Structure formats: structure tokens, C-alpha cells
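Since the structure comes first, as C-alpha cells, the remarks are kept for the end.
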Ligand SMILES: CC(C)(COP(=O)(O)OP(=O)(O)OC[C@H]1O[C@@H](n2cnc3c(N)ncnc32)[C@H](O)[C@@H]1OP(=O)(O)O)[C@@H](O)C(=O)NCCC(=O)NCCS
């Protein structure tokens, strides 16, 4: 798998909901995660996902395994505003999106879509053919985003898996086929 370095600025300040003169706010940069990001990544994950955030040890090991597919939105001065994480396996051409978030103050400005579009492009380039993810059935924002990118419920049925993460924790599984790239 290629783990090509990635870094580009998201310059469209007004598109990204950054009011003119917003104190201390620099440009957002979308880039591959670094080991030094781990404490801030953990803080961000806890801010957004709270009791279902990844434990520190697991986040660390996910980084160890999938750093090439862990992208962050860097606001500068050590502050992250979002991330996306995809897991791949050497055994087949499938992948799972294991995390996606944008901080509440930066939502609805195209950043979630930017993170997803970039990770899907990287997965496709790395030869991945299918991407799956789980989403809370009531998470309308995420489901609309995923559906607009082409994800559809995994068969059978509507992708709903009862008690997927334990009693009462249903999830819907969505799946996307990436067009061949070789
Ligand atoms: C899901 C999430 C990452 C979306 O990030 P975002 O930067 O706000 O999303 P975008 O601005 O790129 O929106 C992309 C599309 O998602 C959908 N969408 C996003 N937020 C929405 C909302 N509140 N209501 C309805 N649709 C929404 C829309 O289809 C939107 O396209 P449009 O702007 O053309 O209408 C963000 O809401 C988030 O971090 N949520 C909490 C964590 C989470 O639920 N992660 C997913 C776990 S499976």
C-alpha cells in the first residue's frame, strides 16, 4: 500500500465557515496524521464521540497500523478540527472507515465531504475495491453524506444489524464499490 505523504491547504476561508478576523484561526490544512498528533487526536475524538471515543491505547495502535489512511484537518498551533480513518487489510481489497468527524463549530462547510473524498481517492489508488462503514441508524447527517458519496446499505435488507456493538447498539452497514483503477 502506498502511504504517500499528503498535505494541502483548504484556502476557501469563507467556504469553511471561518469568519473574517476569527481570532487565532489560521488556514486549515488537510494532511496525513503524525505521531505527535496522537494526544490532540485523542482530545478531538473524545470531544466528538464522548463515551464511544477510542481508548488511548487503541487509537495509538490504529495509528501504528493505518497511519497512511489517517487524515486530519489541522488548524495550526497544535489544534485539529477533524479526522478520517480507514482500515485496510493485506488479505483482500476491502476497507472499513473506522472514524470520521469534524468539530461542531466547523460543520456544514464541506469538510466532512473533503475528508471522505480524499480518503476514498487514496483507498482507490491503493487498489481497494470495497469500502464499508457502520453508522448509527439515527445519524442523519452522516448517512446523507455517505449516501451522497455513493454508499448504499449492505445486503441483505437495509443494512441494519441489531445489537451490532452490543445490546441496544444497532448499526447500519453501508458499502461502496470503488471503480477499478488498474
Ligand atoms: C458527519 C460529519 C462528519 C459531517 O461533517 P460536515 O463537515 O458537517 O459535512 P459536510 O459539510 O461536508 O456535508 C456533506 C453532506 O453531508 C450531509 N450533511 C452534513 N451535515 C448535515 C446535517 N446536519 N443535516 C443534514 N445533512 C447533513 C449533507 O448531505 C451535506 O451535503 P450538502 O452540504 O451538499 O447538503 C459531522 O456531522 C460529524 O462530525 N458528526 C459527528 C461524528 C459522526 O457522526 N461521524 C460519523 C460516524 S459514522
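Residue numbers (full-length UniProt numbering): 1 to 182. Cβ coordinates follow ideal geometry from the N, Cα and C atoms, glycine included. Predicted, not measured: the structure shown is a model, and the values here were computed from it.
inquiry  = Going by DSSP, what residue range makes up the beta strand (DSSP E) through residue 47?
reply    = Careful: residue 47 lies outside any beta strand (DSSP E), inside the alpha helix (DSSP H) at 38-49.
query = Relative to the alpha-carbon of residue 135, which residue among 96, 59, 123 and 61 has its alpha-carbon at the smallest distance?
reply = Comparing Cα positions, the closest option is 96.
inquiry  = Can you confirm whether the stretch 26-39 touches the stretch 67-85 when touching is taken to mean that 3 or more C-beta pairs between the two stretches lie within less than 8 Å?
reply    = yes
message = Could you pull the DSSP bridge partners for residue 153 from this structure?
response = 174
ask   = Thinking C-beta only, is residue 33 closer than 9 Å to residue 67?
value = yes
message = At a cut-off of 8 Å, would you count residue 145 as near ligand 1, judging by its Cβ distance to the nearest heavy atom?
response = yes
query = Would the C-beta of residue 100 count as close to ligand 1, meaning under 8 Å from any of its heavy atoms?
reply = yes
ask   = Which residues mark the beginning and the end of the beta strand (DSSP E) in which residue 70 is found?
value = 70-76
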